[in-house]
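There are 2 protein chains.
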Amino acid sequence: MTEAPSFDVFQPHDHRRCRKEALAAVLAECSARKLRLTPPRRCVLEALLEEHRAMTAYELLDRLREAGLGSQPPVVYRALDFLLANGFAHRIERLSAFVACTHGEGAHEAVFLVCRACRQVAEASLPALARNLEAEASEHAFRVERVAIEVEGLCARCAGAGA
Amino acid sequence: MTEAPSFDVFQPHDHRRCRKEALAAVLAECSARKLRLTPPRRCVLEALLEEHRAMTAYELLDRLREAGLGSQPPVVYRALDFLLANGFAHRIERLSAFVACTHGEGAHEAVFLVCRACRQVAEASLPALARNLEAEASEHAFRVERVAIEVEGLCARCAGAGA
DNA sequence: CCAAGTTTGTTACGTTATAACAGATCGCGA
DNA sequence: TCGCGATCTGTTATAACGTAACAAACTTGG
Numbered sequence: 000m001t002e003a004p005s006f007d008v009f010q011p012h013d014h015r016r017c018r019k020e021a022l023a024a025v026l027a028e029c030s031a032r033k034l035r036l037t038p039p040r041r042c043v044l045e046a047l048l049e050e051h052r053a054m055t056a057y058e059l060l061d062r063l064r065e066a067g068l069g070s071q072p073p074v075v076y077r078a079l080d081f082l083l084a085n086g087f088a089h090r091i092e093r094l095s096a097f098v099a100c101t102h103g104e105g106a107h108e109a110v111f112l113v114c115r116a117c118r119q120v121a122e123a124s125l126p127a128l129a130r131n132l133e134a135e136a137s138e139h140a141f142r143v144e145r146v147a148i149e150v151e152g153l154c155a156r157c158a159g160a161g162a
Numbered sequence: 000m001t002e003a004p005s006f007d008v009f010q011p012h013d014h015r016r017c018r019k020e021a022l023a024a025v026l027a028e029c030s031a032r033k034l035r036l037t038p039p040r041r042c043v044l045e046a047l048l049e050e051h052r053a054m055t056a057y058e059l060l061d062r063l064r065e066a067g068l069g070s071q072p073p074v075v076y077r078a079l080d081f082l083l084a085n086g087f088a089h090r091i092e093r094l095s096a097f098v099a100c101t102h103g104e105g106a107h108e109a110v111f112l113v114c115r116a117c118r119q120v121a122e123a124s125l126p127a128l129a130r131n132l133e134a135e136a137s138e139h140a141f142r143v144e145r146v147a148i149e150v151e152g153l154c155a156r157c158a159g160a161g162a
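Each protein sequence line maps, in turn, to chains H and C.
When we follow numbering that gives the first Met the number 0, the leftmost residue of the first sequence carries the number 0, and every step to the right adds one.
When we follow numbering that gives the first Met the number 0, the leftmost residue of the second sequence carries the number 0, and every step to the right adds one.
Written out as structure tokens, the structure is:
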């Protein structure tokens, strides 16, 4: 199985290659897990990989429409459900928007660094933090199902541009 | 200045007293900082303290309407802006909803334990975690402006109720 | 008291998301 | 290879969340 790339989107990189590798990794994963990357699902994933930033459901829906696929909201929300459920994309709560997963591996509790200007999102994992949260939750007898850690601010480039 | 209470909402407690003390703390804070807790702002805050769970803007708007105050969305969103800006309430991104602050002190990076069944929210602070995030952000040359850490799951009571 | 700034309230609209259902497609077993 | 159950696509319609723009009322300080 191809390994998905895991890197810092805020660094310059060969974007063509990054998209291609990420798509290959998802295709491999789908094949291995017998998941169907149908046309609308693939269209949404490719849009996210291409833009490489958090996109709203309605921006993605425009892509579906342009591709001659469904043009109504449920189509894009269902494609997103599939991508989120299988770890190929993430929802950024703060923006009500979505990004392709850049972290590679399956289930993981990620920290998202979200630039409010360019909407690019870097994904990091902090295992130490996850342990802290576990401890905190167990003190409250709380059963954890989902963790969202979102850091909003400005990436170096946008901060430099005087945003 | 009265100290606001800081406790675990998932534990049984004297709710009447908890509301009264929290309101007193906000009044004191407003007086100290020359902030105006006007009728719509107070109405929204009291609703949040009374219900003691995450409430949507439109639920809060119903309260304003019942109180004979404004009945259109901008009124409640402005009151919420005031409460959020001054640390008297928090937005729970995951739910597009709002809770009264139960943590007492001013600016703080909190961890929210959000029960998806009853919508009660426990607020904890994890200083160690904040330091981790700082380190992570600086590695990416990212300027942090706002941090949201939300843990979704089930509180002990709702888990027990077989949710 | 007056002027400047702040707050409330309104109308109108834009954005985000889901329910319910019909028809198309897929994959498997007879 | 046929057909049946499960899955997926697409539609219409509507609900939930949020903001722009502007007029009127209130508050505060000179």
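Just so you know, even glycine gets a beta-carbon here, dropped at the ideal spot from N, CA and C.
Quick caveat: nothing in here was measured; it's all calculated off a predicted structure.
> Which residues in the same chain have their Cβ closer than 6 Å to the Cβ of Cys29 (chain H), if we skip the five residues on either side of it in sequence?
Replying inline: The residues are Leu36.
> For the alpha helix (DSSP H) that contains His62 (chain C), what are its first and last residues?
Replying inline: The question names His, but residue 62 (chain C) is Arg in the sequence shown. Where Arg62 (chain C) is concerned, the enclosing alpha helix (DSSP H) stretches over Ala56 to Glu65.
> In chain H, which residues lie with their C-beta within 9 Å of the C-beta of Asn131 (chain C)?
Replying inline: Around Asn131 (chain C), the beta-carbon contacts reaching into chain H at under 9 Å are Val110, Leu125, Ala127, Leu128 and Asn131.
>> Suppose you measure from the CA of Glu133 (chain H) to the CA of Asn131 (chain C); what does that come to, to the nearest Å?
In response: Going from the Cα of Glu133 (chain H) to the Cα of Asn131 (chain C) covers about 16 Å.
> Pairing CB atoms from the region 151-158 of chain H with CB atoms from the region 111-130 of chain H, are three or more of them under 8 Å?
Replying inline: With the rule of 3 Cβ pairs closer than 8 Å, the region 151-158 of chain H counts as touching the region 111-130 of chain H.
> Apart from the five residues just before and just after Pro126 (chain H), which ones in its own chain have a Cβ nearer than 6 Å to its Cβ?
Replying inline: Closer than 6 Å at the Cβ level, and outside the excluded window around Pro126 (chain H), lies no residue.
> Under a three-way DSSP split, which group does Cys114 (chain H) fall into?
Replying inline: Note: Cys114 (chain H) maps to strand in three-state DSSP.
>> Against chain H, does Gly69 (chain C) count as a neighbour if the rule is that its beta carbon must be under 8 Å from one of theirs?
In response: The C-beta of Gly69 (chain C) comes no closer than 8 Å to any C-beta of chain H.
> With His51 (chain H) and His14 (chain H) assumed to form a contact (beta carbons below 8 Å), what rounded beta-carbon distance in angstroms separates them?
Replying inline: Contact flag correct, Cβ pair sits at about 7 Å.
> Cβ of Arg145 (chain C) less than 8 Å from any chain H Cβ?
Replying inline: Cβ-Cβ to chain H under 8 Å: yes for Arg145 (chain C).
>> Give me the chain H residues within the contact set of Asp7 (chain C), using Cβ-Cβ distance strictly less than 9 Å, ordered along the chain.
In response: Within 9 Å Cβ-Cβ: Glu138 and His139.
> Nearest chain H C-beta to Thr1 (chain C) closer than 8 Å, yes or no?
Replying inline: Residue confidence for Thr1 (chain C) is low, a pLDDT of 38 falling below 50, so the modelled location carries little weight; the figure read from the coordinates is stated next. For Thr1 (chain C), the answer is no, since every Cβ of chain H falls outside 8 Å of its Cβ.
> Could you give the residue range of the beta strand (DSSP E) that holds His51 (chain C)?
Replying inline: Taken as a continuous stretch (DSSP letters only), His51 (chain C) belongs to no beta strand (DSSP E), as it is neither H nor E.
>> So for Glu156 (chain H), helix, strand or coil by DSSP?
In response: Strictly speaking, residue 156 (chain H) in this sequence is Arg, with Glu absent from that position. The DSSP-derived three-state label of Arg156 (chain H) is helix.
> Using a Cβ-Cβ cut-off of 8 Å (strictly less than) and excluding sequence neighbours within five positions of Leu83 (chain H), which residues of its own chain qualify?
Replying inline: The answer, listed in chain order, is His89, Arg90 and Phe97.
>> In this structure, how does DSSP classify Val120 (chain C) when only helix, strand and coil are distinguished?
In response: In the three-state reduction of the DSSP assignment, Val120 (chain C) falls in the strand class.
> For chain C, is any of its Cβ atoms less than 8 Å away from the one on Leu79 (chain H)?
Replying inline: No, its Cβ sits nowhere closer than 8 Å to a Cβ of chain C.
> Out of curiosity, what's the CA-to-CA distance linking Val8 (chain H) and Ala136 (chain C)?
Replying inline: Roughly 13 Å separates the two Cα atoms.
> To the nearest angstrom, how far is it from the Cα of Val120 (chain C) to the Cα of His139 (chain H)?
Replying inline: Separation of Val120 (chain C) and His139 (chain H) (C-alpha to C-alpha, rounded to the nearest whole angstrom) is 11 Å.
> Val98 (chain H) lies in the beta strand (DSSP E); which residues open and close that run?
Replying inline: It spans Ala96 to Ala99 - the beta strand (DSSP E) in which Val98 (chain H) sits, taken as one unbroken run.
> How big is the Cα-Cα spacing for Ser95 (chain H) and Phe111 (chain H)?
Replying inline: Roughly 14 Å separates the two Cα atoms.
> Among residues of its own chain, excluding the 5 on either side of Ala147 (chain C), which ones have a beta-carbon nearer than 6 Å to its beta-carbon?
Replying inline: Glu92.
> For the beta strand (DSSP E) that contains Arg90 (chain C), what are its first and last residues?
Replying inline: Unbroken beta strand (DSSP E) run through Arg90 (chain C): Ala88 to Ile91.
> So, does the CB of Val150 (chain H) fall closer than 8 Å to a CB anywhere in chain C?
Replying inline: Taking 8 Å as the CB threshold, Val150 (chain H) lines the interface with chain C.
>> Quick check on DSSP: helix, strand or coil for Arg142 (chain C)?
In response: Looking at Arg142 (chain C) - three-state DSSP - the assignment turns out to be strand.
> Any beta-carbon of chain H closer than 8 Å to the one on Pro4 (chain C)?
Replying inline: Note that Pro4 (chain C) scores 43 on pLDDT, short of 50, meaning its location in the model is unreliable; the coordinates nonetheless yield the value given after this. When Cβ-Cβ separations below 8 Å define contact, Pro4 (chain C) makes no contact with chain H.
> Measuring CB to CB, does Ala99 (chain C) end up less than 8 Å from Ala21 (chain C)?
Replying inline: With contacts defined by Cβ atoms closer than 8 Å, Ala99 (chain C) and Ala21 (chain C) form a contacting pair.
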